[in-house]
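6 is the number of the first residue of the sequence shown in this note's numbering; add one for each residue after it. A virtual CB, placed ideally from N, CA and C, is assigned to each residue, including glycine. Structure first, commentary second.
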Amino acid sequence: MNKDILIQLRGISKSFDGEIILDNVSLDIHDKEFITLLGPSGCGKTTTLRIIGGFETPDSGDVFFDGRKINDLPPHKRLVNTVFQKYALFPHLNVYENVAFGLRLKKTPKEEIDRKVKEMLRLVNLSGFEKRHVTTLSGGQQQRVAIARALVNHPRVLLLDEPLGALDLKLRKDMQGELKKIQRQTGITFIYVTHDQEEALSMSDTVVVMANGHIQQIGTPVDIYNEPVNAFVADFIGESNIIDGVMLADLKVKFARHTFTCVDKGFAPGEAVDIVIRPEDVDVVPVNSGNLNGVVSGVTFKGDYYEIIVDVDGFKWMLETSDFVAEGETIGLYIEPDAIHVMKKSEFSGMFGDYSTFSDEMEHLSDPTVEEDEE
């Protein structure tokens with residue numbers, strides 16, 4: 006085993022009530038890594054986390070920790086702690102005693118408890134809060150107490166299951182930065198579960214995109230965003246225009262009834278492909294300067310840019326531009342070769358990427374804010 010691989014999942018499958026939640030999943034997690042399991046509700050990410058923590062046993066497959074098989078090792082014997090969305094703090098204990106609880110169970114000497122608790126509270130910016138009752142704290146402060154309590158025993162791995170889901174947007178952003186800083190300072194492996202794409206991209210060393218009980222792609226945030234492997238990943242990680250195309254030859258692709266130069270190769274001549282073009286990668290230009298032309302069917306002001314929907318031969322594209330364009334206006338679209346990403350067809354082809362039904366309301370309805378319940 007590679008010496009910096011801390012956890013290995015090999016051929017993990019799990020079903021609940023006859024429904025397959027994980028189907029032959031294999032994954033390597035490295036020591037000191039911040040890795041995020043990302044996907045929609047029901048994709049299997051929380052079940053994966055619970056199997057690593059020992060709260061669930063796989064139906065088949067093996068879990069290895071530091072090279073040792075731990076399938077039957079109970080949670081309290083694993084060098085792992087968990088932070089849940091519902092913080093599970095003890096309401097009758099103050100901040101100090103909540104953090105000290107695990108150390109007292111281990112009969113740690115009083116002086117060591119005091120040193121470790123104060124060190125953890127410093128780490129999560131709660132020095133001076135020792136005597137405060139947790140019920141008087143804000144949601145963000147309670148989350149920090151839960152993190153301090155999980156870290157005080159210095160586990161090898163911290164599991165975080167949608168830990169910021171109950172916080173408002175500004176607090177979430179603040180805590181994302183805090184968690185990343187804490188992970189760097191402690192060197193503890195963080196395994197993080199979320200359905201929030203921005204959260205995953207901004208915090209992680211590695212992102213694991215999951216759907217339908219399978220891992221779809223593993224990579225750095227930059228790789229996942231810029232080089233999605235299929236239409237599901239392209240759609241789930243940010244907005245994407247996903248168009249049917251045909252690879253004519255290396256570096257030549259046809260879509261929207263036009264032939265384009267691209268930077269992709271290795272496809273069969275005439276192979277049907279999916280084309281991904283991000284909204285921010287299309288320039289709005291005069292009609293006679295574009296690769297394509299379209300009619301603007303919707304304009305939304307987003308503060309520092311306009312989000313526009315453009316009808317190109319019956320296919321609705323989303324674009325982002327700093328220049329105002331009016332609804333009903335005909336515009337040119339200019340696309341550079343390196344803005345065109347060519348993907349092989351997959352089971353997700355044809356399911357995403359046309360903004361005919363797009364609206365802010367639809368976007369809101371498709372964004373789950375409740376805690377995932379896969380079991």
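- Around the beta carbon of A93, a 10 Å sphere encloses fewer than 16 other beta carbons of the protein chains shown; the residue is thus reported as exposed.
- In this structure R109 is in contact with I118, their Cβ atoms being roughly 7 Å apart against a cut-off of 8 Å.
- Looking only at N246, K307, E167 and K121, the smallest Cα-Cα distance to G355 is reached by N246.
- Per DSSP, the continuous beta strand (DSSP E) segment holding V212 begins and ends at T211 to A216.
- Around the beta carbon of K307, fewer than 16 other beta carbons sit within 10 angstroms, so the residue counts as exposed.
- With a 10 Å radius around the Cβ and a threshold of 16 neighbouring Cβ atoms, E24 comes out exposed.
- Residue environment analysis places A105 among the buried positions, since at least 16 neighbouring C-beta atoms fall within 10 angstroms of its C-beta.
- Here the alpha carbons of G16 and D71 stand approximately 17 Å from one another.
- By the Cβ-count criterion, V292 is exposed, with fewer than 16 other Cβ atoms from all chains shown falling within 10 Å of its own Cβ.
- The three-state reading of DSSP puts G58 in helix, counting H, G and I together.
- With respect to the C-alpha of D359, the residue from S18, V301, D240 and K350 having the closest C-alpha is D240.
- The bridge partners DSSP lists for E102 come to none.
- Across the structure, T51 and V198 are spaced so that their CA atoms are roughly 7 Å apart.
- Comparing alpha-carbon positions, the option among D328, H159 and T53 lying closest to L43 turns out to be T53.
- Distance between V150 and L84, taken at the CA atoms: about 20 Å.
- Contact between M180 and G145 holds, with the beta-carbon distance rounding to 6 Å and staying under 8 Å.
- The shortest C-alpha to C-alpha distance from S209 to any of I187, E244, D77 and G218 is the one to I187.
- The residue from S46, Q148 and P63 with its alpha-carbon nearest to that of E183 is Q148.
- DSSP places G303 inside the beta strand (DSSP E), whose first and last residues are L297 to F306.
- In the displayed model, R15 falls within a strand according to three-state DSSP.
- Membership of D316 in the beta strand (DSSP E) is indicated by the continuous run Y311 to V317.
- Cα atoms of A273 and S294: separation of roughly 31 Å, rounded to the nearest angstrom.
- In the DSSP annotation of this structure, the continuous segment of the alpha helix (DSSP H) that includes V150 starts and ends at G144 to L156.
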